[in-house]
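First the structure, in the form of structure tokens, and then the observations on it.
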Amino acid sequence: MDFEHSRQLQRRAHALIPGGAHTYAKGDDQFPQMAPGFIVRGKGSHVWDVDGNEFIEYASGLRAVTLGHAYPDVIDAARSQLELGCNFARPSPLEAELAEQLLSVITSGEMVKFGKHGSDATSAAVKLSRSYTGRDKIAICGDHPFFSVDDWFIGTTPMPGGIPQTIRDLTLKFKYNDLADLQRLFTDNSGQIACVMMEAEKDIPPEPGYLAAVKALAHQHGALFVLDEMITGFRWHLGGAQAAYDVAPDLSTFGKGIGNGFSVSALVGRREIMRRGGIHHDEERVFLLSTTHGGETHSLAAAIATIGVYKREDVIGRLHQAGARLQAGLTLVAAQAGVAPFFTVSGRSCNLVFGTRDAEGKPSQWMRALFMQECIRRGILATSFVVNYSHTDADIDATIERVGEALDIYRRALDDGPEKYLVGGPTKIVFRPKA
Ligand SMILES: Cc1ncc(COP(=O)(O)O)c(C=O)c1O
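Counting along the sequence shown from 1, when you hit position 198 you're at 181 in our numbering, and nothing is skipped either side.
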């Protein structure tokens, strides 16, 4: 496999763009050296790079593309809307139409405001919670890796450059599935916490009753309960993880997944709270999600079309079924290659991640890079094994077979060391203090 055009473009991009890309998770340090640098086209579950190499791709669009690339219903809706214009002096009727559509599936919400990025929605949830409660501190789940690009979250990571300590001090962290730890935060910061924000589930499911208990504890202490459904929304259930686990948050946030890759996010919540962002109340006003491009019409049309596909077809069922087939096959080939404890596939079937450990059983970026390299050589581009609706059983079966081959190399690298097989250095974690 040749990456010559990627190499040339990488040199140009790094000279012009810090990091060579506009999203850290897509950056060169996240991939092995022998990887496609740029993708030019996608269709369904396949993509093509600038050198013409074809891959079966997983976690498309950082998990935002849930139906598949260039999905006809979504593209047709966006294209038709583009012919009519994308941004006017007043809102488009699509804003109300998508609001109705989204609230018909996310039943905890009575009002919704749209943004472009997931971070728009989570940061708005924080601001709204602070205004509603008159408190400054927030509690976020420390076991969940990402909530926002904004200072209230990035300030808590090992990469807090440029963020004042006063802002960093306002975000507190608690452990997942550990009610006593959250209770400790409320005790130590009595009357100061505006909201509890978390994902319903990451790689480990919630203990029975845990989410309801978090909500009850938050309410007992006068705080709001916010679920970040960026990944779980339109994957766990059409009504989000909140429907799957039957817990109604005060506010919830959606992004990835609601527009099949188009830029649209949503803050959904109870009317009593959300109305503070409006113009019909006597409370303190909150500047809630108001941006030039917030109501861009083709993205709203794409989201309406996406919800339409989910309502007509059993997308959620297929995501779980395809993921289950993949997980079963990968687990089998890992056992056959003799790497089972060192290479793992975990998570809910619609949202599978892989773990790579070295011969000592420690998490290893060297082994991750090697695994990705060997998959790429065989036409599989995978930072995780998150499926979309367009992955066919043939895609899944081809993936299992090729991963089996990649794991034979993985086995050898466990014995001989990854340096012998890996071209270049290891992948790196995004949140690190030095480049
Ligand atoms: C759980 C979660 N919340 C929020 C975000 C932020 O979304 P965005 O990158 O669209 O701003 C992400 C993005 O990775 C996420 O995974």
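We treat Cβ as the ideally placed atom computed from N, Cα and C, and that holds for glycine. Computed from a prediction, not measured in an experiment: that's the story for all the values here.
Residue ranges of each alpha helix (DSSP H) within the segment 144 to 223, 4 or longer = 148 to 151, 162 to 171 and 193 to 203
Do the segment 386 to 402 and the segment 64 to 75 make contact, defined as three or more Cβ pairs closer than 8 angstroms?
-> no
Other residues of its chain near arginine 361: CB distance less than 7 angstroms, five sequence neighbours each side excluded | Arg385, Glu388 and Ala389
Just reading off the beta strand (DSSP E) that arginine 24 is part of, what are its end residues?
-> 22 to 26
Whole-angstrom distance between serine 106 and glycine 260, CA atom to CA atom | 13 angstroms
Any chance the CB of leucine 45 is under 7 angstroms from a heavy atom of ligand 1?
-> yes
Can threonine 105 be considered in contact with ligand 1, in the sense that its beta carbon sits closer than 7 angstroms to one or more heavy atoms?
-> yes
When the Cα atoms are used, what is the spatial distance from valine 347 to leucine 405?
-> Per the sequence shown, the amino acid found at residue 347 is serine instead of valine. Between serine 347 and leucine 405, the C-alpha separation is close to 13 angstroms.
By the 10 Å Cβ neighbour count, where 16 or more other Cβ atoms means buried, how is glutamine -9 classified, buried or exposed?
-> exposed
Limits of the unbroken beta strand (DSSP E) element including threonine 327 | 326 to 329
Would you list the residues sitting across from alanine 122 in a DSSP beta bridge?
-> Leu155 and Val179
Flag histidine 100 as yes when its Cβ comes closer than 7 angstroms to any non-hydrogen atom of ligand 1, and as no otherwise.
-> yes
Buried or exposed: threonine 116, going by 16 or more other Cβ atoms within 10 Å of its Cβ?
-> buried
When DSSP builds the beta bridges, which residues end up paired with isoleucine 39?
-> His29 and Ile363
Is the beta carbon of valine 247 less than 8 angstroms from the beta carbon of phenylalanine 97?
-> yes
Measuring CA to CA, which of Gly338, Gly2 and Asn334 is closest to proline 324?
-> Gly338
Helix, strand or coil: which one does DSSP assign to serine 87?
-> helix
Would lysine 350 pass as a contact of alanine 365 if the rule is Cβ separation under 8 angstroms?
-> The question names lysine, yet the displayed sequence has methionine at residue 350. No. Outside cutoff.
Closest residue to serine 87 among Gly407, Val251, Asp265 and Val413 (Cα-Cα distance) | Val251
Is the Cβ-Cβ distance between isoleucine 290 and glutamine 84 less than 8 angstroms?
-> yes
In angstroms with no decimal places, state the Cα-to-Cα distance between alanine 104 and histidine -3.
-> 30 angstroms
Is it right to say alanine 320 is buried, meaning 16 or more other beta carbons lie within 10 angstroms of its own, or is it exposed?
-> buried
Residues near leucine 221 by beta carbon distance below 7 angstroms, same chain, minus five either side = Val88, Tyr293 and Ile299
For isoleucine 146, verify whether its CB is less than 7 angstroms away from any heavy atom of ligand 1.
-> no
Terminal residues of the beta strand (DSSP E) in which serine 235 lies | 234 to 237
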